[in-house]
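Each residue of the sequence shown is one higher than the last, beginning at 3 in our numbering.
Glycine included, each C-beta is placed from N, C-alpha and C at the ideal position.
Here the structure is a predicted model, which is why all the values come from computation and not from measurement.
These notes concern the structure reproduced below.
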Amino acid sequence: MNDREELKQICALLHSAKTIAVVGLSDNPGRTSFQISEVMASRGYKVVGVNPMIKKAGAFDVYPNLKDVPFQIDIVNVFRRSETIPEIIEEVLSVNPKALWLQQGVRNDEAVKPVIEKGIQTFQDKCIAVYYNLCKAF
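Shown next, in the form of structure tokens:
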């Protein structure tokens with residue numbers, strides 16, 4: 003897929019998605035995961051966190067795992083190190099989101115293979131907020 007086709011796919015996803023579960027959301031407002039979550043919530047998405055260490059992050063509800071999120075997740079947005087991605091793949095497959103989105107700097111081609119094979123859109127090493135802004139102009 004070329005860059006233009008991928009951008010079309012991303013824009014269609016961001017237009018149709020309503021819910022985002024942020025794996026690795028921090029309760030520290032200085033962390034990128036918190037800041038990007040606030041940006042996406044301000045754009046109208048229902049955003050929740052997934053982090054077994056906390057229950058709230060600012061105004062965001064936080065769940066210990068993806069399976070505990072009480073609604074259908076459209077996008078699983080991941081703020082974790084690349085080497086930890088295999089740990090979340092089974093959960094991603096079980097909740098069957100429209101997309102798995104690995105934030106800028108996060109990539110694990112081997113780990114995401116089962117997700118791609120299941121037909122779940124997968125984007126790696128991309129900032130969701132940057133692409134949201136690109137799609138406004140697309």
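Annotated as distal: Val25 and Ile130, with beta-carbon spacing of 8 Å or more. Beta bridge pairing from DSSP links Phe62 with Ala59. Here Ser96 is exposed: its Cβ has fewer than 16 other Cβ atoms, across all protein chains shown, within 10 Å. The DSSP-derived three-state label of Leu104 is strand. Nearest in C-alpha terms to Ala43, of all of Gln11, Asn53, Pro72, Ile77, is Ile77. Within the DSSP secondary-structure output, Asn79 pairs in a beta bridge with Val24, Trp103. With three or more CB-CB distances shorter than 8 Å, the region 64-82 counts as touching the region 99-117. Your pair Val108 and Leu68 does not check out as a contact, with CB atoms roughly 16 Å apart and the cut at 8 Å. Short of 8 Å from the beta carbon of Gln123, and not among the five residues preceding or following it, lie these beta carbons of its own chain, in chain order: Gln11, Leu15, Lys100, Ala101, Leu102. Residue pairing from DSSP places Gln123 in a beta bridge opposite Ala101.
Exclusion of the five residues before and after Ala59 leaves Leu27, Ser28, Asp29, Phe36, Gly51 as the residues of its chain whose Cβ lies within less than 7 Å of its Cβ.
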